[in-house]
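Since the structure comes first, as structure tokens, the remarks are kept for the end.
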Amino acid sequence: MISDVKRTRYQFDLAALQRLAAVNYACLQPLVKTAHRVGAWVVKISPQLSFVLSVLEQAPYTTEIRIQQQATAATARLPRWSEVQLDVRLYHDAQLAEVIRSQGVERIQARYEQPNAAMHQRNEKHQINQFLQEWLQLLRQQAVVPQPLPGAR
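Each residue of the sequence shown is one higher than the one before, starting from 1 at the first, in the UniProt record's numbering.
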């Protein structure tokens with residue numbers, strides 16, 4: 001059987017990624033603004049869903065944060081449960097925020113060839129940053145306010 005479907009190479013869209021990073025920065029600002037120093041906050045969306053937002057590093061032009069989903073009694077019993085963890089760097093001078101680490105994967109590339117050994121999607125970087133935007137949108141819709149994590153420095 002002959003297929004006349006022509007595969008097109010994925011074209012990385014830098015402008016789209018920058019727009020996404022700008023939106024993520026604007027959405028993260030209210031959450032990070034409460035942090036005057038390195039520390040951690042709990043973001044509870046429901047009794048079954050909460051996240052820890054940690055400020056890992058602050059510098060004059062950048063801030064690095066970690067967003068990690070917390071296991072609850074209900075989710076800990078799930079056989080394939082894995083906590084979501086995103087490390088995000090905010091660039092204050094450019095007003096952009098990008099995911100720099102996700103689920104232990106560092107140096108997320110803008111484009112991956114297919115197939116690849118790690119099974120990354122062609123547009124993995126865009127998808128991870130899109131996931132961050134959707135998570136931030138959920139926080140905004142729920143009008144969630146971060147609370148200081150007990151025992152955090």
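C-beta: ideal position from N, C-alpha, C; glycine also.
Note that this is a predicted model, so its numbers are computed, not measured.
Residue 72: first and last residue of the uninterrupted alpha helix (DSSP H) it sits in = Translated into the one-based positions of the sequence shown, residue 72 becomes position 72. Unbroken run through residue 72: none, as it is neither H nor E.
Enclosing beta strand (DSSP E) for residue 99 [first to last residue] | By 1-based counting over the sequence shown, the position of residue 99 is 99. Element bounds for residue 99: 96-102.
Let me know if residue 106 comes out buried or exposed under the rule of 16 or more other beta-carbons within 10 Å of its beta-carbon.
-> Here residue 106 corresponds to residue number 106 of the sequence shown, with the count starting at 1. Classification of residue 106: exposed, given that the 10 Å Cβ count is below 16.
Counting only runs that start and end within the segment 43-70, where is the beta strand (DSSP E) found for 3 or more residues in a row?
-> 49-58 and 62-70
Express the C-alpha separation of residue 41 and residue 98 in angstroms, rounding to a whole number.
-> Start at 1 with the first residue of the sequence shown, and residue 98 comes out as number 98. Start at 1 with the first residue of the sequence shown, and residue 41 comes out as number 41. Roughly 20 Å between the two C-alpha positions.
Which residue from 135, 91, 113 and 125 puts its Cα closest to that of residue 59?
-> If you number the sequence shown from 1, residue 59 lands on position 59. Checking every option, the nearest Cα to that of residue 59 belongs to 91.
What do you get for residue 88, buried or exposed, if any count of 16 or more other CB atoms within 10 angstroms of its CB means buried?
-> Position 88 of the sequence shown, counted from the first residue, corresponds to residue 88. Classification for residue 88: buried.
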